[in-house]
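Undergrad: Chains as they are written, first to last, in our numbering: chain A, 772 to 869; chain B, 3 to 504.
For every residue, glycine included, the Cβ atom is placed at its ideal position computed from N, Cα and C.
Here the structure is a predicted model, which is why all the values come from computation and not from measurement.
1. In three-state DSSP terms, what is residue 74(B)?
2. Are residue 164(B) and residue 244(B) closer than 7 Å when you measure CB to CB?
3. Can you name the residues that DSSP bridges to residue 197(B)?
4. In its own chain, which residues sit with a C-beta less than 7 Å from the C-beta of residue 311(B), not counting the 5 before and 5 after it?
5. Residue 142(B) touches chain A at which residues, Cβ-Cβ below 8 Å?
6. Under 8 Å, CB to CB, which of the residues in the stretch 194–225 of chain B have a partner in chain A?
7. Give me the residue from 417(B), 256(B), 91(B), 110(B) with the minimum Cα distance to residue 319(B).
8. By the three-class DSSP mapping on this structure, what secondary structure does residue 296(B) have?
9. Taking the beta carbon of residue 77(B) as the centre, do at least 16 other beta carbons fall within 10 Å, making it buried, or is it exposed?
10. For the 8 Å Cβ check, are there 3 or more pairs between the stretch 119–126 of chain B and the stretch 136–152 of chain B?
11. Take residue 408(B) and list the residues in its own chain whose beta-carbon comes closer than 8 Å to its own, dropping the five residues that flank it on each side.
12. In this structure, how does DSSP classify residue 161(B) when only helix, strand and coil are distinguished?
13. For residue 792(A) and residue 786(A), what's the separation of their Cα atoms in angstroms?
14. Is residue 3(B) helix, strand or coil when you go by DSSP?
15. From 850(A), 841(A), 811(A), pick the residue whose C-alpha is nearest to that of residue 188(B); which is it?
16. Under 7 Å, Cβ to Cβ, is there at least one residue of chain B near residue 817(A)?
17. Answer yes or no: does any C-beta atom of chain B fall closer than 7 Å to that of residue 842(A)?
18. Using a Cβ cut-off of 7 Å, pull out every chain A residue sitting near residue 149(B), in sequence order please.
19. Kindly indicate if chain A contains any beta-carbon less than 7 Å away from that of residue 153(B).
20. List the residues of chain B that residue 826(A) touches, going by C-beta distances under 8 Å, in chain order.
21. Say whether chain B places a C-beta atom closer than 7 Å to the C-beta of residue 793(A).
22. Distance cutoff 7 Å, beta carbons only. Does residue 773(A) sit that close to anything in chain B?
23. In angstroms, rounded to a whole number, what distance separates the CA positions of residue 28(B) and residue 21(B)?
24. Can you tell me whether residue 316(B) is buried or exposed? The criterion is at least 16 other CB atoms within 10 Å of its CB, across all chains shown.
25. Below 7 Å on C-beta distance, what does residue 177(B) contact in chain A?
26. Determine the DSSP secondary structure at residue 869(A), reduced to helix, strand or coil.
27. Please report how far the alpha carbon of residue 387(B) lies from the alpha carbon of residue 435(B), in whole angstroms.
28. What does residue 116(B) touch in chain A if you count any residue whose Cβ is under 9 Å from its own?
29. Just list the alpha helix (DSSP H) runs in the stretch 394–418 of chain B, keeping only unbroken ones of 4 residues or longer that don't cross its boundaries, in chain order.
30. In chain A, which residues lie with their C-beta within 7 Å of the C-beta of residue 20(B)?
31. Reducing DSSP to helix, strand and coil, say where residue 797(A) ends up.
32. For a quick check, are the C-beta atoms of residue 182(B) and residue 221(B) less than 7 Å apart?
33. Taking Cβ-Cβ distances below 8 Å as the criterion, which residues of the stretch 152–172 of chain B are in contact with chain A?
34. Considering residue 29(B), what are the terminal residues of the alpha helix (DSSP H) in which it resides?
35. Determine the DSSP secondary structure at residue 864(A), reduced to helix, strand or coil.
36. Considering only their Cβ atoms, is the gap separating residue 115(B) from residue 47(B) smaller than 7 Å?
If you want it as C-alpha cells, here you go:
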C-alpha cells in the first residue's frame, strides 16, 4: 500500500541529498546530505519489500550498519583535516587542484 | 568439484580465500593492539599480513585447480574461474603493496602497524566484491573495501595533502556508494530479488522495464566513480596525488580490478539481455575517459599526477573492452587488468623509490640523468612506461591488442580507432619520462645518490618488470587462462539463469 507515494518521497529525499552535495561547501553538511541519500534508499527498500518479501528489509539493516561505520571513519577524517586547516569548508581545502 | 553453497561447510569452502584472509586480518589486528611501537612491530605486522595473503592465494589456487562450481542456485557468491582470476589479481596487488610499503613506511616515519590491518581488510572487501552473486554481498564488499581505503589514503597524518586526499575520497566515495545503492534498490524493485542471477533471469523475459533502466543508470554512475571513468573522474588526480604512494598504487590496481570484476558481472550477467541499452552508455564513458585522461595527462607537471590521469585513460581502455560484452571482450578485460596491475604497481613502486623528500614533487627534471647513476631503476621505469603505452614486446601491448581484437570482431571500428589514437597521444607523456632519464644530464654529481632500494622492494619490482617483459613476448599462458575464465563466467551465467527459472 502507498507504494507510489513512498517511492516518490524517497526519490525526492535522494534528490535533495544530491543537490545538497553539489551546492554546499561545508564537509559536515555534505556528509549529512550523503546520509540523507542513504536513508532515502532505505525508504525505497522498505517500501518495495511489501511486494517483494523480506530481503529488502534485511538490506536496510546492512545499509544502516555500513552508514554507521562510514560515519565513524568520515568524522575522523574530517577531524584530521580540521587539525591541519582549522576549517571544514571545502573552499579552504585546496592544496590539491584537480 | 561441486560445492553445495546452501550448507555452512560448503559456504566456508567456497569462501576459503576470504575466510583465511579475514582470520589473518583479525590476527594482525590483535597483534598490533598488543605490540604497537617502533620499527620491529611494524615489520612483524607486515610480514604476518604477507603470510596471510599468501595463504589466501594458496586457498584460491586450490579452489581454482579443483574447478569448484556451485551445486545449485541461486547463491550469495559465485564459484567460477572469472572470480578466481580477479581474486588472484587482487591478491597480487595486495602482496605487492605489502612488500612495497614495508620500507616506505619506515622511511616516511609512519610507524603505525594498523596500516597492514587496513590493507588486509581492504583486500578482503575486494575479494567479496569480485565474488558477489548477490547485490547485498556486492554492496558489503564494496563498503568494506572503501572504508578501509578511505583511511589508508589519509594515513600520513602529518601531511595536509594526505588528509585532504582522504576527505575528498571519502566524500566522493560515499556519494558514489549512495548512487550504487539506489541502483540496487531499483533493480530489486524491478525484479523482486537482490540476486544477480535471479534479476538477470527476470530481465531476460522481456524488454527492460523503466525501473530496471533507471537502476542500470544509477549502478553505472556508482561504478563510474569507483573505477574513475570520465566524467566521474574529478576526484582521481587529487586523491592519487595526496595519498601515500604505495596506497596510490593499491587504489589504482586493487580497487580497479575488484570494481571492474563486479561491473563486468553485473553488466554481462544481470543486464546481459539489455545490451542495447548499456552498450552506447559504456562506449560513451570509454571514449570520454580515453580522451580526457590522455589529453590532461599531457599537461601535468609531476609524474604522480601524470600517472593519476593516465589511470583514468586506462579505465577508458578497459570500458572499451567491456562495450562488446562478448567472451573475447571479457578476455581482453582480464588480460588488460593483468598488464595494468603489474605495470601500475611497478610504476608507483618506482615512484616511491625515487621520491626522497616527498614523491609528489618527482618531475621530469628531477629524474634527469637517472640512467647513468641508477641504470636498473631507469630500466625498470622505462619498461613500465613502455608497457603503459602499449609498446610491442610488453604485456601492455598484448592487453591493447586483445581489446582491439574484441572491438573489431564485433564491428566497433570507431572505438577501435579512438583506442589507437588515444594510445598515440599517450606516447606524448610516457616517452618524455624515458627521454629525461636517458638523454638529459644530471643536475649535480650527487644527484640520485641517496636513492635506496631495499631488498623486498627490489625483488617485487624486478619480478613485476620481468613478468611484464616475459608475458609480453610469450603471452599464451595469460591469454589462455583469461579465455577459460571468461568462458567460465558465461557458463556460470547460463547455469544461474537455469537455476533461477526452476
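TA: The answer reads as follows:
1. Reading the second chain from its first residue, position 72 is the one you call residue 74(B). Residue 74(B) carries a coil assignment under DSSP once its states are collapsed to helix, strand and coil.
2. Here residue 164(B) is taken as the residue at index 162 of the second chain, counted from 1. Here residue 244(B) is taken as the residue at index 242 of the second chain, counted from 1. Yes, Cβ-Cβ distance for residue 164(B) and residue 244(B) is below 7 Å.
3. Translated into positions along the second chain, residue 197(B) becomes position 195. Per the DSSP secondary-structure output, residue 197(B) pairs in a beta bridge with 136(B).
4. Here residue 311(B) refers to the residue found at position 309 of the second chain. 239, 295, 298, 299, 302, listed in sequence order.
5. The residue you call residue 142(B) lines up with position 140 of the second chain. Chain order gives the chain A residues near residue 142(B) as 833, 837, where near means a beta carbon separation below 8 Å.
6. Within the stretch 194–225 of chain B, the residues whose Cβ lies closer than 8 Å to some Cβ of chain A are 194, 195, 196, listed in chain order.
7. Locating residue 319(B) in the second chain gives position 317, where the first residue counts as 1. Nearest of 417(B), 256(B), 91(B), 110(B) to residue 319(B), Cα basis: 417(B).
8. Start at 1 with the first residue of the second chain, and residue 296(B) comes out as number 294. Residue 296(B): helix per DSSP, three-state reduction.
9. Walking along the second chain from the start, residue 77(B) turns up at place 75. Only buried fits residue 77(B), as 16 or more other CB atoms lie within 10 angstroms of its CB.
10. Touching, per the Cβ criterion.
11. In the second chain, residue 408(B) corresponds to position 406, counting from 1. Around residue 408(B): 323, 326, 328, 330, 331, 333, 334.
12. Within the second chain, numbered from 1, the residue matching residue 161(B) stands at position 159. DSSP places residue 161(B) in coil when its eight states are reduced to three.
13. Looking up residue 792(A) in the first chain gives position 21. Looking up residue 786(A) in the first chain gives position 15. Rounded to whole angstroms, the separation of the alpha carbons of residue 786(A) and residue 792(A) is 10 Å.
14. By 1-based counting over the second chain, the position of residue 3(B) is 1. DSSP places residue 3(B) outside both helix and strand once states are collapsed to three, so it counts as coil.
15. For the purposes of this step, residue 188(B) is identified with residue 186 of the second chain, where counting begins at 1. Closest by alpha carbon: 811(A).
16. Numbered from 1 along the first chain, position 46 holds the residue referred to as residue 817(A). When Cβ-Cβ separations below 7 Å define contact, residue 817(A) makes no contact with chain B.
17. As a working mapping, residue 842(A) is identified with position 71 in the first chain. No Cβ of chain B is located within less than 7 Å of the beta carbon of residue 842(A).
18. Locating residue 149(B) in the second chain gives position 147, where the first residue counts as 1. By Cβ distance, chain A contributes 840, 841, 844.
19. In the second chain, counting from the first residue as 1, residue 153(B) sits at position 151. At least one chain A Cβ lies under 7 Å of residue 153(B).
20. Within the first chain, numbered from 1, the residue matching residue 826(A) stands at position 55. Within 8 Å of the CB of residue 826(A), the CB atoms of chain B belong to 138, 190, 195, 196, in sequence order along the chain.
21. On the first chain, residue 793(A) is found 22 positions in, with the first residue counted as 1. Closer than 7 Å: no.
22. Here residue 773(A) refers to the residue found at position 2 when the first chain is read from its first residue. Cβ-Cβ to chain B under 7 Å: no for residue 773(A).
23. Position 26 of the second chain, counted from the first residue, corresponds to residue 28(B). Position 19 of the second chain, counted from the first residue, corresponds to residue 21(B). Their Cα atoms are separated by approximately 11 Å.
24. Walking along the second chain from the start, residue 316(B) turns up at place 314. Residue 316(B) should be labelled buried.
25. Start at 1 with the first residue of the second chain, and residue 177(B) comes out as number 175. Near residue 177(B) (Cβ distances below 7 Å), the residues of chain A are 792, 805.
26. In the first chain, counting from the first residue as 1, residue 869(A) sits at position 98. Bear in mind that the predicted position of residue 869(A) carries a pLDDT of just 48, short of 50, making it too unreliable to give a figure here.
27. By one-based count along the second chain, residue 387(B) stands at place 385. By one-based count along the second chain, residue 435(B) stands at place 433. Those two C-alpha atoms are separated by around 8 Å.
28. Within the second chain, the letter at position 114 stands for residue 116(B). At a beta-carbon threshold of 9 Å, none of the residues of chain A lie near residue 116(B); the nearest stands roughly 12 Å away.
29. Unbroken alpha helix (DSSP H) runs of no fewer than 4 residues, entirely contained in the stretch 394–418 of chain B, are found at 397–411, following chain order.
30. Start at 1 with the first residue of the second chain, and residue 20(B) comes out as number 18. The contact set of residue 20(B) on chain A, defined by CB atoms closer than 7 Å, is empty, because the minimum CB distance reaches about 17 Å.
31. Numbered from 1 along the first chain, position 26 holds the residue referred to as residue 797(A). DSSP places residue 797(A) in strand when its eight states are reduced to three.
32. Reading the second chain from its first residue, position 180 is the one you call residue 182(B). Reading the second chain from its first residue, position 219 is the one you call residue 221(B). Result yes, Cβ atoms of residue 182(B) and residue 221(B) sit closer than 7 Å.
33. Listed by position along the chain: 152, 153, 156, 159, 162, 163, 165, 166, 167, 168, 169, 170, 172.
34. Walking along the second chain from the start, residue 29(B) turns up at place 27. The continuous alpha helix (DSSP H) containing residue 29(B) extends over residues 18–36.
35. Mapped onto the first chain, residue 864(A) falls at position 93. Looking at residue 864(A) - three-state DSSP - the assignment turns out to be coil, as it is neither helix nor strand.
36. Here residue 47(B) refers to the residue found at position 45 of the second chain. Here residue 115(B) refers to the residue found at position 113 of the second chain. In this structure, residue 115(B) lies closer than 7 Å to residue 47(B) by Cβ.
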